[in-house]
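Residue numbers (UniProt numbering), protein chains in the order written: chain G, 1 to 186; chain E, 1 to 186.
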């Protein structure tokens, strides 16, 4: 490749990279705000809720899975899990087939909390959801962001996407459970 | 709409919304890490660099534009701008046609800093860029994330996207300037 061509390519790459950085910041700040408003009544921060969410949808998870999938440091995952244990939402355990890792699992109270929070999801405003409705109207479905998924797979590995898909498969299946227990939180 | 259908729609919406929340968190954490590694040698935090970046590419901007486009509180934009002024990178000014707003503009030193940082962009690892290269190979170009752009336009308004496009148009044009001044930072 000629030097000028290589220079051009490097600049295009930088332009793209800074573009996605800006978009990502704007999107995350909106997501963060929506998330905080939703969980505010429950006295949880985003990391704490994320840990409960992961434990619920993976039906128990190792601290290192929580950290990996929640995109937080292992020490953050551990410390917030401890706080959630103290509040009675999580149990710590070891597994016979995996003595080295510490696992967390929701207690009945933690499960009830997650179900209650999902039931109340639409009681707060979700700007990202509202901002996506015109796309749903136009295309008949919500966007699936396959490009972003591919980039994230390349960064975080197949593991990450596997856990991601597994958690959402469980989430979808849990809809039935939610419907069967409409009075669980009343 | 039947009640069960509405319930289903609400659940689909929640599933989508939590899906994009997870993706957005993972993407932003990768962007944030790349960004921090890049700017680390210059003793700047992300907000400070973002303010310089916006001032450079918009060729001067009001504090409220910086806040809006940088997705930060006005007080954050103001306080970090003050620090950048103290370090000699930014000038504050009022404009004759707009007495109410405070504007910031890069000093020669601030401009040299931004150019130097862009010249050194590829000296640090950018996981998001690396993770996007397979898409570029496959499609012949980097993804443009039109879905995300549409969602962000709906959340932040046309203004935001206009400033976004303007800054990247200027960025692209500034490539020529960079090439004409290869020794500006030596």
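For glycine and all other residues, C-beta sits at the position ideal for the given N, C-alpha and C.
Strictly below 8 Å CB to CB, what residues from chain G border residue 55(E)?
Those within 8 Å of residue 55(E) in chain G number zero; the least Cβ separation is about 14 Å.
query: In this structure, does DSSP put residue 123(E) in helix, strand or coil?
result: helix
field: Proximity of residue 80(G) and residue 118(G) at Cβ, strictly below 8 Å
entry: no
_Just to confirm, is the Cβ distance from residue 78(G) to residue 85(G) under 8 Å?_
no
Give the residues of chain E in contact with residue 134(G), contact being defined as C-beta atoms less than 8 Å apart. 150 and 154
C-alpha gap between residue 82(E) and residue 99(E), whole angstroms: 19 Å
message: Does any residue of chain E have a CB that is nearer than 8 Å to the CB of residue 58(G)?
response: no
- Item | Proximity winner among 121(E), 17(E), 155(E) and 169(E), relative to residue 42(E) (alpha-carbon distances) | 121(E)
Given residue 73(E) as reference, the closest of 33(G), 145(G), 57(G) and 106(G) once Cα atoms are compared
33(G)
- Query: What residues of chain E sit near residue 13(G), judged by a beta carbon separation below 9 Å?
  - Reply: 121, 122, 126, 129, 132, 133, 136 and 142
**OP:** Take residue 155(G) and list the residues in its own chain whose beta-carbon comes closer than 6 Å to its own, dropping the five residues that flank it on each side.
**Re:** none
Classify residue 108(E): buried if its beta carbon has 16 or more other beta carbons within 10 angstroms, exposed otherwise. exposed
- request: Classify residue 94(E) as buried or exposed, calling it buried when 16 or more other Cβ atoms lie within 10 Å of its own Cβ.
  value: exposed
Check the Cβ-Cβ distances between residue 5(G) and every residue of chain E, and say whether any is below 8 Å. no
Return the residue from the list 12(E), 5(E) and 57(E) that minimises the CA-CA distance to residue 18(G). 57(E)
Query raised in the report: Taking just the CA atoms, how far does residue 102(G) sit from residue 67(E)?
Result: 43 Å
Quiz item: Since residue 102(E) is in the alpha helix (DSSP H), which residue starts that stretch and which ends it?
Solution: Taken as a continuous stretch (DSSP letters only), residue 102(E) belongs to no alpha helix (DSSP H), being part of the beta strand (DSSP E) at 98-106.
Positions along the segment 55-87 of chain E whose CB lies within less than 7 Å of some CB in chain G: 71
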